[in-house]
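For the sequence shown, the working numbering gives the first residue as 74, with consecutive numbering after it. Beta carbons: idealized from backbone N, C-alpha and C, even for Gly.
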Amino acid sequence: VSSSPTGSFSYVGNISDPFHTVDPGNPNIEEGYQFADATLFQDPASSRAFVYWRTRVNSHHTGFRAMELTDDCTNVRRESDHQLFQTANREAPAVFHARGQYYLWASGTAGWSPTTTHLY
C-alpha cells in the first residue's frame, strides 16, 4: 500500500491468488480459475474497484471475465463474477470511463505476433 501512485509501497500480505474463492475444488486447477493478463479499474462514479482477466482452464468459467474487488482491494467478491466474452482470446485489457460511457480495449492473443485491437 502507498499514499502515492509511484510508491514506495509497503507489503500488505500474501494474497498470491485472490481468485481462490471462485471455484474451490475444481478438478482442473487446484483452487479454481487460471487467470492471466489482469488489469484493475476504479469506477469514478461509484469508487468501486474491478479486476478484468482471461481464463482458459475451467470449461465452466472460461473467457474474458470481470469481478468486483472487496472494499480493501485485497480480494474479489465471488458473487460479482461476470463473463464479458466467451472467447479467452483477449488480453492486455484497459478499461476507462469517458463522456459517461465505459470502454474496454483489448488485444487478440497470438503470442509475440501483432494482433488486432478490439474496442468495446
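Could I get the ranges of all uninterrupted beta strand (DSSP E) runs contained in the stretch 134 to 167, with 3 residues as the minimum, in chain order?
-> Listed in chain order, they are 136 to 141, 155 to 158.
Could you pull the start and end residues of the beta strand (DSSP E) that Thr-190 belongs to?
-> Looking at the DSSP string, the run of the beta strand (DSSP E) that includes Thr-190 is 190 to 192.
Would you say Arg-127 and Ala-109 are within 7 Å of each other, going by their C-beta atoms?
-> Yes, the pair counts as a contact, with Cβ atoms nearer than the cut-off.
In terms of alpha-carbon separation, which member of Arg-150, Asp-145, Glu-141 lies closest to Val-74?
-> Per the Cα distances, Asp-145.
Could you tell me whether the Cβ atoms of Glu-141 and Arg-151 are closer together than 7 Å?
-> For Glu-141 and Arg-151, no; Cβs fall outside 7 Å.
To the nearest angstrom, how far is it from the Cα of Ala-122 to the Cα of Leu-113?
-> One C-alpha to the other measures close to 7 Å.
Do you know offhand how far Phe-169's Cα is from Val-85's?
-> Going by C-alpha positions, Phe-169 is about 26 Å away from Val-85.
Taking just the CA atoms, how far does Asp-154 sit from Thr-94?
-> Its pLDDT being 41, under 50, Thr-94 is placed unreliably in this model, and the value from its coordinates should be taken loosely. Between Thr-94 and Asp-154, the C-alpha separation is close to 11 Å.
May I ask you to report which of helix, strand or coil DSSP gives Thr-79?
-> DSSP places Thr-79 in coil when its eight states are reduced to three.
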